[in-house]
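See below for the structure under consideration.
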Amino acid sequence: MTVIPALIARDVPAMTVCYGVDSAARRILACLYATIAMASAVALIGQASGNTTLSIAIAGVLFPMQITYKLMTIPAVGWRNPVVKSNLAIALLHTATLATI
0 MTVIPALIAR DVPAMTVCYG VDSAARRILA CLYATIAMAS AVALIGQASG
50 NTTLSIAIAG VLFPMQITYK LMTIPAVGWR NPVVKSNLAI ALLHTATLAT
100 I
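In numbering that gives the first Met the number 0, the protein residues as written are 0 to 100.
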């Protein structure tokens, strides 16, 4: 999960196909993804250590935010973009997770 922000931030050909040429906007997106990854790691560590209250609190804020912005990519970019397709899959996973907590 932490590899993805690094790849987005760099000018890797596969990432250029999905995210466009290296730019300030792409690097800002990588920072957002890295922040989400760090918050997710804290939630997982909390869960593993028995602190479910912390994990649920993080998930209760983080997942709705991610679901919203991932769904917003459909009208912004179009559903045929590979990033949008992966965003939809992740939004579905987060929705299912929220339904179970």
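Where a beta carbon is used, it is the ideal one built from N, C-alpha and C, also for glycine.
Since we're looking at a predicted model, the values are computed, not measured.
Less than 8 Å between the beta carbons of residue i and residue j, yes or no?
i	j	result
I35	L61	yes
I57	A29	no
H93	I73	no
R26	G19	no
When burial is assigned at 16 or more other CB atoms within 10 Å of the CB, is residue i buried or exposed?
i	result
I44	exposed
S54	buried
M64	exposed
A90	buried
A42	buried
Could you pull the start and end residues of the alpha helix (DSSP H) that residue i belongs to?
i	result
C85	Residue 85 is actually Ser in this sequence, not Cys. Residues 81-99.
V16	12-18
I want to see whether chain D comes within less than 8 Å of residue i, judged by CB atoms only; does it?
i	result
M64	The structure shown contains no chain D; it holds only a single protein chain.
Three-pair Cβ contact test at 8 Å for the segment 45-57 versus the segment 82-92 = Result no; under three Cβ-Cβ pairs closer than 8 Å.
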